[in-house]
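*Asks:* Chains as they are written, first to last, in UniProt numbering: chain A, 1 to 321; chain B, 1 to 316.
First the structure, which I've put down as structure tokens, then a few questions once you've had a look.
See the structure below:
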């Protein structure tokens, strides 16, 4: 592991020490020392990861080694067959979509996909979709609905791509149409925010019956840096904005925007992709099972109600009847 | 993404309409620089008689330009924002920011809602106000729009939404974002009900609002020169590393790209909306539900104003 975040450093240093000691350790004394170090490491991990600041969660959500959509596809499903294109303009690699089995159940999987290296990130634009990405997602979700296949969406994007072409091809319209059309799909939709839930670009594939967040994922109306540059006039005040925006999984559960928080392996999902995916797979199973018996009309009505009640305001009721 | 574009100078320069204005005040046109006499501006519905520049106007002023005189009856005027995040930025708490905006505009939040007639046709209408925190959409604006959609459905009215906004309101965080889903989801129901939705875009109509209800009109009309786009110009410039082409994200550009139906000068807006509603009114025999009669007085050639809807006070 080369890349670690500042606050992860003490843990990694200790773990390295343990590794070295283990490599050369012989005898009872070394074993005792090893045990002691491991206890220390465990305590340190608990301390650090139990008290993460919102901005540290933001950093974990963006961690370059964090599992991405295709990693979950690999671990949670089988028989994955990717499908491409919006049938109008092109294919957008920032959104992957395709058919897969969850156990015996055929599902449509849609996910925002970041790149592992510079070359891949160039291709996938760091998971920031163009309009054709959102239109591909909708096309395949509608196909799924026609064939009574539940839909799983995996959210991980800094936001919709803010480019010239994106504007020319109707980024806003593409997102808006997805919001409206997802609201009336007649099959269960489960969304998991696996990393960054960046604003409208995230929401455009996240109008669902059940929305879950991984423990260290975030979901926000604007990036902390973007918010800071407007309200603090200083993009470097991201940590302050991250606190103010209430964008952590725990915050969103408290605000009743998401239905559950999925625990990550200690240290974050990037420390153990398989374990993180196992949690996601179990959650998907459970929630798709719970939704599978709901009649279509009720499903759609409930989904509408889920969003209809969102909002915090007082009603002075001064208006004439 | 920049959700909120601050244009201090612009706000000051166009603040005047509808508010008490000292007689004989001159306003410099943002378009051509011409000094304009207040009264002349007002006569031209806050557009420049020289270059046609459309000044931003408060919601209540726009209301007066758009609906039949005396037909407006306000609804849900009591809705007020909460502070779900306990938000505080570098300078102030969100509740204080709200209070300041309320004092400045005389509004409770960034939109005015109600029922009215336009060309005699019954509408449920919400008009956004850019002067209230940049016309940002939080829970209250989302709720006003949502209730307008429901009112259109319940009372068989056309829906008219006028946008003037920098996007979602950061101070309500994720709750603002969810207003996009809330309003768009309800528009699916409106579509099923065969009721027309006219979306009117004024300067500016951007970000989270454009990426939800504003882009979903059966017909989308835009005022000339208005800024219509998703991402902020600064963000795009950073992304592509070069300057934006002239006219980028202006209504005329967006028309050319196929995302609005018509550019309509303010002087013609009421007439065009009336004319559009006439088509839908006739085809649905008075916005009637399938297999039902119209709940409104439906005449094949309806009277000029007030057809079948009680007129309310233009409340303030």
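For every residue, glycine included, the Cβ atom is placed at its ideal position computed from N, Cα and C.
In chain order, what residues of the same chain lie with their CB nearer than 6 Å to the CB of residue 239 (chain A), ignoring the 5 residues before and after it?
*Replies:* Hits under 6 Å: 55.
*Asks:* Less than 8 Å separating the beta-carbons of residue 308 (chain A) and residue 182 (chain B)?
*Replies:* yes
*Asks:* Looking only at its own chain, which residues have a Cβ that is under 8 Å from the Cβ of residue 199 (chain A), when we skip the five neighbours before and after it?
*Replies:* 159, 160, 220, 221, 222 and 223
*Asks:* If contact means a Cβ-Cβ distance below 7 Å, which residues of the segment 85-102 of chain B contact chain A?
*Replies:* 85, 87, 88, 89 and 90
*Asks:* Going by the CB atoms, is the gap between residue 79 (chain B) and residue 177 (chain B) shorter than 8 Å?
*Replies:* Their beta carbons are not under 8 Å apart, which means residue 177 (chain B) does not touch residue 79 (chain B) by this criterion.
*Asks:* Would you call the CB atoms of residue 156 (chain A) and residue 69 (chain A) closer than 8 Å?
*Replies:* Yes, the Cβ-Cβ distance between residue 156 (chain A) and residue 69 (chain A) is below 8 Å.
*Asks:* Between A:273, A:310 and A:304, which has its C-alpha nearest residue 76 (chain A)'s C-alpha?
*Replies:* A:273
*Asks:* Where do the ends of the beta strand (DSSP E) carrying residue 185 (chain A) lie?
*Replies:* Residue 185 (chain A) -> no beta strand (DSSP E), and no H or E assigned at all.
*Asks:* Counting only Cβ-Cβ distances shorter than 7 Å, please list the residues of the segment 22-42 of chain A near chain B, keeping chain order.
*Replies:* none
*Asks:* What are the residues of the segment 182-204 of chain B that lie near chain A, defined by any Cβ-Cβ distance shorter than 9 Å?
*Replies:* 182, 183, 184, 185, 186, 187, 188, 189, 191 and 192
*Asks:* Tell me whether the segment 153-161 of chain B and the segment 242-253 of chain B touch, counting them as touching only if at least three CB pairs, one residue from each stretch, are closer than 8 Å.
*Replies:* Below 8 Å, too few C-beta pairs join the segment 153-161 of chain B and the segment 242-253 of chain B to call them touching: fewer than three.
*Asks:* What residue range is occupied by the uninterrupted alpha helix (DSSP H) comprising residue 149 (chain B)?
*Replies:* 139-155
*Asks:* Using a Cβ-Cβ cutoff of less than 8 Å, which residues in the same chain neighbour residue 266 (chain B) once the five nearest sequence positions on both sides are dropped?
*Replies:* Cβ within range, chain order: 45, 46, 47, 54, 65 and 223.
*Asks:* Work out the CA separation of residue 75 (chain B) and residue 141 (chain B) for me, nearest whole Å.
*Replies:* Each residue's alpha carbon lies about 13 Å from the other.
*Asks:* At a CB-CB cut-off below 7 Å, which residues of chain B make contact with residue 310 (chain A)?
*Replies:* Result: 175, 178 and 182.
*Asks:* Please list the partners that residue 315 (chain A) has in chain B, where partner means a Cβ-to-Cβ separation under 9 Å.
*Replies:* 76, 78, 79, 80 and 143
*Asks:* Assuming contact is defined by CB atoms lying nearer than 8 Å, are residue 167 (chain A) and residue 229 (chain B) in contact in what I supplied?
*Replies:* yes
*Asks:* Quick one: using the 10 Å Cβ neighbour count with 16 as the cut-off for buried, is residue 43 (chain A) buried or exposed?
*Replies:* It counts as exposed.
*Asks:* Cutting at 7 Å between CB atoms, please list the residues of its own chain near residue 301 (chain A), excluding the five before and the five after it.
*Replies:* none
*Asks:* Applying a beta-carbon distance threshold of less than 7 Å, which residues of chain D neighbour residue 115 (chain B)?
*Replies:* As a matter of chain content, chain D is missing from the structure shown, whose protein chains are A and B.
*Asks:* Chain B partners of residue 152 (chain A), CB-CB under 9 Å?
*Replies:* Within 9 Å Cβ-Cβ: nothing; residue 152 (chain A) doesn't reach chain B, min ~18 Å.
*Asks:* Of the residues A:107, A:175, A:7 and A:298, which one's Cα is nearest the Cα of residue 59 (chain A)?
*Replies:* A:7
*Asks:* Would the segment 186-194 of chain A count as touching the segment 230-238 of chain A if we require 3 or more Cβ pairs under 8 Å?
*Replies:* no
*Asks:* What beta strand (DSSP E) runs, 3 residues minimum, are completely inside the segment 177-231 of chain A?
*Replies:* 189-198, 210-214 and 218-220
*Asks:* How far does the beta strand (DSSP E) with residue 4 (chain A) in it reach, from first residue to last?
*Replies:* Taken as a continuous stretch (DSSP letters only), residue 4 (chain A) belongs to no beta strand (DSSP E), as it is neither H nor E.
*Asks:* Any beta-carbon of chain A closer than 8 Å to the one on residue 133 (chain B)?
*Replies:* no
*Asks:* For a test of the three-state rule: what should DSSP assign to residue 134 (chain B), helix, strand or coil?
*Replies:* helix
*Asks:* With a threshold of 8 Å between beta-carbons, can residue 220 (chain A) be considered close to chain B, or not?
*Replies:* yes
*Asks:* Please list the terminal residues of the continuous beta strand (DSSP E) segment that includes residue 197 (chain B).
*Replies:* 197-206
*Asks:* Spell out a yes or no on whether the segment 182-192 of chain B and the segment 85-102 of chain B are touching, meaning 3 or more CB-CB pairs, one atom from each, closer than 8 Å.
*Replies:* no
*Asks:* If you run the structure through DSSP and keep just helix, strand and coil, what is residue 108 (chain A)?
*Replies:* strand
*Asks:* Are the CB atoms of residue 162 (chain A) and residue 236 (chain B) nearer to each other than 8 Å?
*Replies:* The answer is yes: Cβ separation under 8 Å.
*Asks:* Is any beta-carbon of chain B found at less than 8 Å from that of residue 171 (chain A)?
*Replies:* yes
*Asks:* Under DSSP, the alpha helix (DSSP H) around residue 279 (chain A) begins and ends at which residues?
*Replies:* 273-292
*Asks:* Closer than 9 Å, Cβ to any Cβ of chain B: which residues of the segment 170-196 of chain A, in chain order?
*Replies:* 170, 171, 172, 173, 174, 175, 176, 177, 178, 179, 180, 181, 182, 183 and 184
*Asks:* So for residue 306 (chain A), helix, strand or coil by DSSP?
*Replies:* helix
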